[in-house]
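Engineer: Following this note's numbering, the numbering of the sequence shown begins with 121 at its first residue and continues without gaps.
All C-beta atoms in this analysis are idealised placements derived from N, C-alpha and C, irrespective of residue type, glycine included.
In this text the structure is predicted, and so the values were computed from the model without any measurement.
Okay, handing you the structure first.
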Amino acid sequence: LHGGSISARSPGLGHGAEFIVRLPLYEEAPAQATAAREAPVVERSIRLLVVDDNQDAADTMAMLQQLRGHEVRVAYDGPAAISLAEEFLPEVILLDIGLPGMDGFEVARSIRSMPVLEKAFLIALTGYGSESDRAKALAAGFDEHLPKPADLDLLRSWFSTRVG
121 LHGGSISARS PGLGHGAEFI VRLPLYEEAP AQATAAREAP VVERSIRLLV VDDNQDAADT
181 MAMLQQLRGH EVRVAYDGPA AISLAEEFLP EVILLDIGLP GMDGFEVARS IRSMPVLEKA
241 FLIALTGYGS ESDRAKALAA GFDEHLPKPA DLDLLRSWFS TRVG
């Protein structure tokens with residue numbers, strides 16, 4: 121189907137097995153290559169706060185954004201997010217809604233009440249993806265609502281066109 125091959129071998133019972141999967145290198149279609157070149161590019165580093173109680177998800181998002189040249193801080197709960205936001209003054213906040221204790225809606229309302237953060241771009245990055253969830257997020261002060269898993273290209277576009 122993909123023009124590759126699969127093979128397996130084992131020296132015998134109790135000695136494990138080795139599986140080899142070989143697939144040809146994918147060559148990008150010309151239209152995709154053109155679209156990738158025309159995609160908006162972040163021209164400057166932004167200050168970004170990632171808030172998620174799932175530490176692996178938060179740390180992975182932070183690492184991906186640091187690789188793009190952004191200055192990133194991470195918080196794993198609502199109170200820490202508010203404290204860090206006041207200190208760090210992020211331009212963008214990726215905020216999970218389903219935080220234990222103080223949920224993301226409450227965190228967003230608190231952040232929006234701070235004059236120094238009134239221009240921060242708040243993105244609800246959440247597992248809650250219905251239209252009513254989106255409406256609740258916007259009513260709580262979020263600028264955008266993005267269901268997980270995050271669309272990194274969309275984030276990149278928002279960062280380059282809506283921040284600054």
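Select from PRO210, LEU214 and VAL227 the residue whose C-alpha is nearest the C-alpha of THR180.
Structural biologist: The shortest C-alpha separation from THR180 is found at LEU214.
Engineer: Is ALA260 helix, strand or coil when you go by DSSP?
Structural biologist: DSSP places ALA260 in coil when its eight states are reduced to three.
Engineer: Does the structure place the stretch 222-237 close enough to the stretch 173-191 that three or more beta carbon pairs sit under 8 Å?
Structural biologist: The stretch 173-191 is not in contact with the stretch 222-237.
Engineer: Under a Cβ-count criterion, where at least 16 other Cβ atoms within 10 Å of its own Cβ denotes burial, should LEU168 be classed as buried or exposed?
Structural biologist: That one is buried.
Engineer: Could you give the distance in angstroms between the alpha-carbon of VAL192 and the alpha-carbon of VAL170?
Structural biologist: Between VAL192 and VAL170, the C-alpha separation is close to 7 Å.
Engineer: Of the choices GLY124, PRO131, TRP278 and ALA260, whose alpha-carbon is the least far from that of ILE140?
Structural biologist: Comparing Cα positions, the closest option is GLY124.
Engineer: Check whether the Cβ atoms of GLY249 and LEU219 lie closer than 9 Å to each other.
Structural biologist: For GLY249 and LEU219, no; Cβs fall outside 9 Å.
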